[in-house]
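Here is the structure we will look at.
2 protein chains.
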Amino acid sequence: MRVLVTNDDGIRAPGLMALRGALLPLGEVLAIAPEGPRSACGHAITLHKPLRLMPVDVPDGGRVFAINGFPADCVALGASEHLGGRPDIVVSGINVGPNLGVDMVYSGTVAAAREAAICGISSFAISIVAYDVLDFGPAAEFALELTRALCTYELPTGTYLNVNVPAVPRAEMKGVAFTRQSRIRYDNRIERRTDPRGGTYYWLTGDRIDRGSQPEADVEAVDGNRISVTPAHLDVTEEKLLAALRGWDLKWPA
Amino acid sequence: MRVLVTNDDGIRAPGLMALRGALLPLGEVLAIAPEGPRSACGHAITLHKPLRLMPVDVPDGGRVFAINGFPADCVALGASEHLGGRPDIVVSGINVGPNLGVDMVYSGTVAAAREAAICGISSFAISIVAYDVLDFGPAAEFALELTRALCTYELPTGTYLNVNVPAVPRAEMKGVAFTRQSRIRYDNRIERRTDPRGGTYYWLTGDRIDRGSQPEADVEAVDGNRISVTPAHLDVTEEKLLAALRGWDLKWPA
Numbered sequence: 087m088r089v090l091v092t093n094d095d096g097i098r099a100p101g102l103m104a105l106r107g108a109l110l111p112l113g114e115v116l117a118i119a120p121e122g123p124r125s126a127c128g129h130a131i132t133l134h135k136p137l138r139l140m141p142v143d144v145p146d147g148g149r150v151f152a153i154n155g156f157p158a159d160c161v162a163l164g165a166s167e168h169l170g171g172r173p174d175i176v177v178s179g180i181n182v183g184p185n186l187g188v189d190m191v192y193s194g195t196v197a198a199a200r201e202a203a204i205c206g207i208s209s210f211a212i213s214i215v216a217y218d219v220l221d222f223g224p225a226a227e228f229a230l231e232l233t234r235a236l237c238t239y240e241l242p243t244g245t246y247l248n249v250n251v252p253a254v255p256r257a258e259m260k261g262v263a264f265t266r267q268s269r270i271r272y273d274n275r276i277e278r279r280t281d282p283r284g285g286t287y288y289w290l291t292g293d294r295i296d297r298g299s300q301p302e303a304d305v306e307a308v309d310g311n312r313i314s315v316t317p318a319h320l321d322v323t324e325e326k327l328l329a330a331l332r333g334w335d336l337k338w339p340a
Numbered sequence: 087m088r089v090l091v092t093n094d095d096g097i098r099a100p101g102l103m104a105l106r107g108a109l110l111p112l113g114e115v116l117a118i119a120p121e122g123p124r125s126a127c128g129h130a131i132t133l134h135k136p137l138r139l140m141p142v143d144v145p146d147g148g149r150v151f152a153i154n155g156f157p158a159d160c161v162a163l164g165a166s167e168h169l170g171g172r173p174d175i176v177v178s179g180i181n182v183g184p185n186l187g188v189d190m191v192y193s194g195t196v197a198a199a200r201e202a203a204i205c206g207i208s209s210f211a212i213s214i215v216a217y218d219v220l221d222f223g224p225a226a227e228f229a230l231e232l233t234r235a236l237c238t239y240e241l242p243t244g245t246y247l248n249v250n251v252p253a254v255p256r257a258e259m260k261g262v263a264f265t266r267q268s269r270i271r272y273d274n275r276i277e278r279r280t281d282p283r284g285g286t287y288y289w290l291t292g293d294r295i296d297r298g299s300q301p302e303a304d305v306e307a308v309d310g311n312r313i314s315v316t317p318a319h320l321d322v323t324e325e326k327l328l329a330a331l332r333g334w335d336l337k338w339p340a
């Protein structure tokens with residue numbers, strides 16, 4: 087079995103190496119990750135400049151590469167014939183920080199899983215709901231279990247999984263929940279500041295806001311100490327609005 | 087009425103100025119766009135460095151700014167109190183090049199419309215299905231008409247529109263089609279090359295492949311010389327797979 091692991095926290099992130107280590111018993115594990123952090127890079131890909139692969143030494147002699155691109159690039163390159171051809175499964179993570187609700191839009195971790203789905207490869211993204219992670223153990227173990235499951239069960243074309251693991255000791259975890267993407271958003275505050283030379287600059291920030299509770303939402307699962315597994319698809323067509331649009335009076339050509 | 091226009095081709099792109107010019111009759115038009123091209127930047131946002139706004143002079147004295155960020159940043163900043171508060175509508179484009187099917191994932195143009203939807207602002211992305219555009223006229227006119235329509239009809243929360251305009255003379259256009267996101271993909275070829283110093287580098291490339299026809303797909307509309315308007319949503323939960331996952335035998339905790 088051939089697995090490709092990647093992330094958006096970069097090649098030096100301990101979550102990547104924890105993931106790689108957990109999956110090594112399954113067979114050949116190729117790791118390709120950005121040379122530095124690419125948090126919030128979304129589904130960016132590199133079309134307009136050359137990509138370079140930089141081999142990284144690891145004690146077990148395995149195949150690990152840094153790249154001057156984005157997580158989605160890692161999947162495109164990692165699935166190419168130049169690195170031995172298509173993997174059976176792509177796993178992206180282990181991300182430090184949640185990817186719940188609207189986070190899925192901004193996340194490079196999730197983008198890598200989405201890119202795999204575009205390429206027709208089974209995949210999941212996995213994140214820990216904390217910004218200061220000391221123990222990747224439970225998340226790494228679950229990644230192994232889910233990767234094994236993806237050998238047995240097939241993901242439908244154009245779908246992938248988004249996993250969030252609560253940051254609680256193993257003994258406090260209450261199992262796995264299959265969930266919907268929640269409607270959490272951020273309030274998008276922008277701070278205006280002045281630099282030492284008197285120039286104005288802006289920081290994007292914002293606090294999480296929950297827009298009403300939903301049945302079986304990702305955020306409720308992790309708040310309840312359960313591992314959240316959200317199935318996602320590529321097709322974003324809004325069918326109800328499609329029907330409504332037909333009633334619009336659009337004068338064109340005028 | 088207040089409109090925010092942006093794009094991913096950058097502040098100097100003629101499509102942005104054509105769009106801005108077309109919408110000026112509607113009221114106040116604020117333009118904020120990346121300082122340079124950001125094609126294929128997906129839904130990247132700038133969280134880890136300061137954003138700077140650079141005023142751009144235009145003959146009519148209007149408010150135009152370049153920013154050192156991504157299209158989604160333009161929406162976040164353009165909707166903030168620092169620039170006068172939330173616009174009524176966000177329009178992103180006019181992009182040179184199609185945003186059909188899977189292009190929606192990679193496109194910064196579409197990401198700007200999606201970011202507006204996240205912020206609760208009506209929005210659409212508009213693209214011309216050609217890479218060498220001489221006449222932005224028909225697309226700009228349609229943008230005006232659709233922006234007017236968005237004053238009359240309300241987009242449901244969490245939705246936005248993706249517009250693709252065929253690159254044919256106005257007389258050959260056959261009206262508007264409300265469409266579904268097609269399943270077109272790219273075959274993701276990676277070219278390995280050698281630089282003048284003997285180093286290896288890679289280019290991402292690929293040809294479009296159609297994965298079977300769909301009723302009312304975006305690509306079929308533009309191939310038939312119709313303007314394609316695809317309604318899209320933010321929620322990517324795959325309900326069928328959610329039901330199937332409950333049958334999976336996931337041994338965790340082991």
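Those protein sequence lines, which keep their order, are chains P and S.
Residue numbers for the first sequence, in the numbering used here: 87 to 340.
Residue numbers for the second sequence, in the numbering used here: 87 to 340.
Even glycine gets a Cβ: it sits at the ideal position worked out from N, Cα and C.
Item, Value
"Taking CB distances under 9 Å as the criterion, tell me whether P/LEU290 reaches chain S.", "yes"
"Which value, in whole angstroms, describes the spacing of the CA atoms of P/THR245 and P/CYS237?", "15 Å"
"So what does DSSP say about S/ARG234, is it helix, strand or coil?", "helix"
"Could you check which residue in P/TYR217, P/ARG278, P/GLY148, P/ALA263 has the C-alpha nearest to that of S/TRP338?", "P/ALA263"
"Comparing the C-beta of P/ARG200 with each C-beta of chain S, is any distance below 9 Å?", "yes"
"Are three or more beta carbon pairs between the stretch 326-336 of chain P and the stretch 102-122 of chain S nearer than 8 Å?", "no"
"Taking just the CA atoms, how far does P/ASN181 sit from P/PRO141?", "22 Å"
"Sort out for me which residues DSSP pairs S/ILE97 with in a bridge.", "The partner list for S/ILE97 (beta bridge, DSSP) is empty, contrary to what the question assumes."
"Looking at chain S, which residues of the stretch 203-220 of chain P have a Cβ within less than 8 Å of any of its Cβ atoms?", "ILE204, CYS205"
"Would a check of beta-carbon distances place S/ASP321 closer than 9 Å to chain P?", "yes"
"Step through the CB atoms of chain P and report whether any lies within less than 9 Å of the CB of S/ILE313.", "yes"
"Return the CA-CA distance between P/LEU139 and S/ARG124, expressed in angstroms with no decimal places.", "23 Å"
"Counting only Cβ pairs nearer than 7 Å, list the residues of chain P close to S/ASN93.", "Under the 7 Å cutoff, chain P gives no residues; its nearest Cβ is about 16 Å from S/ASN93."
"Who are the neighbours of S/LEU109 on chain P, taking C-beta pairs under 9 Å?", "Ordered by position in chain P, no residue passes the 9 Å Cβ test against S/LEU109, which lies about 15 Å from the chain."
"Who are the Cβ neighbours of S/PHE222 in its own chain at under 8 Å, not counting the five residues just before and after it?", "PRO100, GLY101, ALA104, LEU105, ILE180, ILE214"
"Please go through the same chain and pick out, in chain order, the residues whose beta-carbon is closer than 7 Å to the beta-carbon of P/ASP273, but skip the five residues on each side of it.", "GLY292, ASP293, ILE295"
"With the cut-off set at 9 Å, would you say S/VAL249 and S/PHE210 are in Cβ contact?", "yes"
"Is there a Cβ of chain B sitting closer than 9 Å to that of S/ALA117, yes or no?", "Among the protein chains in the structure shown, which are P and S, there is no chain B."
"With DSSP run on the structure shown, which of helix, strand or coil describes P/HIS319?", "strand"
"Using 8 Å as the Cβ pair cut-off and three pairs as the minimum, do the stretch 190-200 of chain P and the stretch 150-157 of chain P touch?", "yes"
"What residues are listed by DSSP as bridge partners for P/ARG294?", "P/TYR272"
"As a quick exercise: from S/THR323, S/GLU325, S/ALA318, pick the residue whose alpha carbon is nearest that of S/ALA203.", "S/ALA318"
"Could one say the Cβ of S/GLU227 lies closer than 9 Å to chain P's Cβ atoms, at least one of them?", "yes"
"Here's the rule: buried if 16 or more other CB atoms are within 10 angstroms of the residue's CB, otherwise exposed. What is S/PRO184?", "buried"
"What residues in its chain sit with their C-beta under 6 Å from that of S/ALA253, if we drop five residues either side in the sequence?", "ILE214, VAL215, ALA216"
"Where S/GLY170 and S/TYR192 are concerned, what is the direct C-alpha to C-alpha distance, given to the nearest angstrom?", "30 Å"
"Using only alpha-carbon positions, find the residue among P/PRO136, P/VAL176, P/LYS135, P/GLU121 that is nearest to P/PHE151.", "P/GLU121"
"Can you list, in chain order, the residues of its chain with a C-beta nearer than 8 Å to that of P/ALA226? Leave out the 5 residues immediately preceding and following it.", "ALA104, LEU105, GLY107, ALA108, ILE180"
"Do P/SER268 and P/GLY187 come within 9 Å of each other at the CB atom, strictly closer than that value?", "yes"
"Assuming the contact rule is C-beta atoms closer than 8 Å, S/GLU231 and P/LEU336 should be a hit. Round their C-beta distance to whole Å, please.", "6 Å"
"Assign P/ALA257 to one of two classes, buried (16 or more other C-beta atoms within 10 Å of its C-beta) or exposed (fewer than that).", "exposed"
"Looking only at its own chain, which residues have a Cβ that is under 6 Å from the Cβ of S/ILE175, when we skip the five neighbours before and after it?", "VAL89, SER208, THR233, LEU236"
"Within 10 angstroms of the Cβ of S/VAL144, are there 16 or more other Cβ atoms? Answer buried if so, exposed if not.", "exposed"
"State the CB to CB distance for the pair S/TYR288 and P/LEU328, rounded to an integer number of angstroms; the pair is presumed to be in contact (CB under 8 Å).", "That belief does not hold up - the Cβ atoms of S/TYR288 and P/LEU328 are roughly 39 Å apart, past 8 Å."
"Going by DSSP, what residues sit across from P/VAL251 in a beta bridge?", "P/ILE214"
"Counting only C-beta atoms, is P/GLU306 closer than 9 Å to chain S at any point?", "no"
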